[in-house]
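*Asks:* Below is a structure I'd like to ask you about.
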Amino acid sequence: MDTLPGHTAVTNECRLPGVGQGRGLAWYLACLGLLLLGAPVRADRIKDIATVAGVRSNQLVGYGLVVGLDGTGDQTTQAPFTIQSIENMLQRFGVTIPPNTNPQLKNVAAVTVTADLLPFAKPGQTLDVTVGTIGNASSLRGGNLIMTPLRGADGQIYAMAQGNVIVSGFGVNGKDGSRISLNVPSSGRIPNGASVEREVPVHIGNDSHLILNLNTPDFTTAARVAAAINKDFGADTAEALDAVSIRVAAPGNLNQRISYLAVLEAVEVDPGEAPARVIVNSRTGTVVISSHVRVMAAAVAHGSLSVTITEHSDVSQPTPFSQGQTVVTPRSTLDVQQTDARMFVFKAGVNLDEIVRAVNQVGAAPGDLVAILEALREAGALRAELVVI
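Written out as structure tokens, the structure is:
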């Protein structure tokens, strides 16, 4: 039976010596074991972990106006550039605004328009755009973006954007200044809101080689990608240049090169495991610990100290018919409370499961866990990189 490279042939028959065609429970269990052993291990495709050098997207940005708002646009006294933009637009249509006028337009907002120009995008294709306010407009709900040119880093126009803005959030203002807002109503999206006007040349190489760049730098993954390509396409086909780039021999004909890349992207590779890291988000208190984090022998005691200061005012009232005056005397009460601190011990080389179990038994909050991890790192007991984002 013919098989593909890197795959194991699995037939529909299962014959064990001395068993024949029996259909007992033991026979089925034996067949299941053979099928599990013969099944290939699921790995990642090169398409999912690497990109071809030169194939990239480009950022586009533009400045425009959103009209048709329900009184939620820019306050022109605080955003004069909105009025200036409207005047310039009307002048292009032959409309002259009398001098010394200050129109109060609350249904217009000045916005930035951004989009990603995908590789190989051709003129006439559409792009999704994101719209965000520049001034003090409170919401873009119900607005319409006027034709806006989108420029690249070189200043050239690559797309034109226009369309109705879709806003997922909303905001309600009260007359007393109170406001309730859900999500962010000052930004929105326009699906297929931009039309490509200029194509960006994409070069996938004119020489005899292609360069694959890993999404995550890793020496182990780079070596395994080169080994997998050499296994399927022949020795010396691929060469790992560093932790990111792998140079692959490729045909010079463009049509053949595209077909070659289609087959190359489907090659499966078992990536290298990520290094031991502890990721801490200082804003949300989120802590992520990778599976290879290890802690050396250490004892940890962590408790919280609560200090409460209460201010009182004592009034001293003089006796009747006396010459005394009423005196107000401030008095402060200081209360200090400290919760019982539990000590727990990390044995040498404990894994992730044991770390989480120990911290949960103490009942440490995310903020406490960050303090514990930082203390372990300073003590030299944390065998991982601590990253604060």
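In terms of our numbering, the sequence shown has 106 at position 106, counting the first letter as 1, and numbering is strictly consecutive. For each residue, glycine too, the CB sits at the ideal point set by N, CA and C.
1. How many whole angstroms separate the CB atoms of Ser138 and Val167, which I take to be in contact at a CB cut-off of 8 Å?
2. Spell out a yes or no on whether the segment 43 to 57 and the segment 140 to 152 are touching, meaning 3 or more CB-CB pairs, one atom from each, closer than 8 Å.
3. Could you please give the first and the last residue of the uninterrupted alpha helix (DSSP H) stretch that includes Glu265?
4. Run the CB neighbour count on Asp2, radius 10 Å, all protein chains shown included, and call it buried at 16 or more, exposed below.
5. Give me, in chain order, the residues of the same chain whose beta-carbon lies closer than 8 Å to that of Arg383; leave out the 5 immediate sequence neighbours on both sides.
6. Check each candidate in Asn58, Glu199, Ala371 and name the one with the smallest Cα separation from Val278.
7. Rounded to whole angstroms, what's the CA-CA distance from Val427 to Ala79? Just pull it up for me.
8. Go ahead and pull the three-state DSSP assignment for Glu268.
9. With DSSP as the reference, identify every bridge partner of Met160, one or two as the case may be.
10. Compute the beta-carbon to beta-carbon distance between Val61 and Thr133, rounded to the nearest angstrom, for a pair I have assumed lies under 8 Å.
11. Keeping to the same chain, check which residues put their C-beta closer than 6 Å to that of Ala26; ignore five residues upstream and five downstream.
12. Pull up the DSSP beta-bridge partners for Pro123, would you.
13. Applying the 10 Å Cβ sphere with the 16-neighbour rule, what's the burial state of Ile157?
14. Tell me, please, which residues DSSP counts as bridged to Asp116.
15. I believe Ala161 touches Glu197 by the beta-carbon criterion, under 8 Å. Please report the beta-carbon distance rounded to the nearest angstrom.
16. Using a Cβ-Cβ cut-off of 6 Å (strictly less than) and excluding sequence neighbours within five positions of Asn164, which residues of its own chain qualify?
17. Which word fits Asp154, buried or exposed, when buried means at least 16 other C-beta atoms lie within 10 angstroms of its C-beta?
18. Measuring only the C-alpha atoms, how far is Ala39 from Ser245?
19. Rounded to whole angstroms, what is the Cα-Cα separation between Phe81 and Ala110?
20. For the alpha helix (DSSP H) that contains Val85, what are its first and last residues?
21. Roughly how far, in whole angstroms, is the beta-carbon of Pro191 from the beta-carbon of Asp128, given that I think they are within contact range, below 8 Å?
22. Quick check on Val67: does DSSP put it in helix, strand or coil?
23. Do Ala274 and Arg45 come within 9 Å of each other at the CB atom, strictly closer than that value?
*Replies:* A quick look at the data gives this:
1. For this step, residue 138 is matched to residue 138 along the sequence shown. For this step, residue 167 is matched to residue 167 along the sequence shown. About 11 Å separates the two Cβ atoms, so there is no contact after all.
2. A contact between stretches requires three or more CB pairs, one per stretch, nearer than 8 Å, and the segment 43 to 57 fails this requirement with the segment 140 to 152.
3. In the sequence shown, residue 265 corresponds to position 265, counting from 1. Element bounds for Glu265: 254 to 265.
4. Residue mapping note: residue 2 aligns to position 2 of the sequence shown, counting from 1. For Asp2, the pLDDT reaches just 42, beneath the cut-off of 50, and the residue's location in the model is therefore unreliable, although a value from the coordinates is still provided. By the 10 Å Cβ count, Asp2 comes out exposed.
5. For the purposes of this step, residue 383 is taken as residue 383 along the sequence shown, with counting starting at 1. So the list reads Ala276, Val293, Arg294, Val295, Met296, once near-sequence residues are dropped.
6. The residue you call residue 278 lines up with position 278 of the sequence shown. Checking every option, the nearest Cα to that of Val278 belongs to Ala371.
7. The question about residue 427 has no answer here: the residues shown for the chain are numbered 1 through 389.
8. For the purposes of this step, residue 268 is taken as residue 268 along the sequence shown, with counting starting at 1. In the three-state reduction of the DSSP assignment, Glu268 falls in the strand class.
9. Counting from 1 along the sequence shown, the entry for residue 160 is found at position 160. Per DSSP, the beta-bridge partners of Met160 are Pro149, Ser195.
10. As a first step, residue 61 is located in the sequence shown; it is residue number 61 there, counting from the start. As a first step, residue 133 is located in the sequence shown; it is residue number 133 there, counting from the start. About 15 Å; that fails the 8 Å criterion.
11. To locate residue 26, count along the sequence shown from 1; it is residue 26. Reliability of the predicted coordinates at Ala26 is poor, the pLDDT of 44 falling under 50, and the value obtained from them is presented with this limitation in mind. The answer is none, since no qualifying residue turns up.
12. Start at 1 with the first residue of the sequence shown, and residue 123 comes out as number 123. Answer is none; Pro123 lacks a bridge partner.
13. Translated into the one-based positions of the sequence shown, residue 157 becomes position 157. The residue is exposed, with fewer than 16 neighbouring Cβ atoms inside 10 Å.
14. In the sequence shown, the residue the question calls residue 116 occupies position 116. Gln59.
15. As a first step, residue 161 is located in the sequence shown; it is residue number 161 there, counting from the start. As a first step, residue 197 is located in the sequence shown; it is residue number 197 there, counting from the start. Contact doesn't hold; Cβ gap of about 11 Å is too wide.
16. For the purposes of this step, residue 164 is identified with residue 164 of the sequence shown, where counting begins at 1. The answer, listed in chain order, is Asn144.
17. Walking along the sequence shown from the start, residue 154 turns up at place 154. Answer is exposed; the Cβ neighbour count stays below 16.
18. What you label residue 39 is simply residue 39 of the sequence shown in a count that begins at 1. What you label residue 245 is simply residue 245 of the sequence shown in a count that begins at 1. The pLDDT assigned to Ala39 is 43, lower than 50, so where the model puts this residue is not dependable; a value taken from the coordinates is nonetheless given after this. Cα to Cα, the separation comes out at about 31 Å.
19. Your numbering for residue 81 matches position 81 in the sequence shown. Your numbering for residue 110 matches position 110 in the sequence shown. Taking the straight line joining both Cα atoms gives about 8 Å.
20. Residue 85 sits at position 85 when you count from the first residue of the sequence shown. Note that residue 85 corresponds to Ser in the displayed sequence, not to Val. 80 to 92 is the extent of the alpha helix (DSSP H) around Ser85.
21. Within the sequence shown, the letter at position 191 stands for residue 191. Within the sequence shown, the letter at position 128 stands for residue 128. Right, their Cβ atoms sit about 5 Å apart.
22. By 1-based counting over the sequence shown, the position of residue 67 is 67. The answer is strand: DSSP assigns Val67 an E or B state.
23. In the sequence shown, counting from the first residue as 1, residue 45 sits at position 45. In the sequence shown, counting from the first residue as 1, residue 274 sits at position 274. Not in contact: Arg45 and Ala274 (Cβ atoms no closer than 9 Å).
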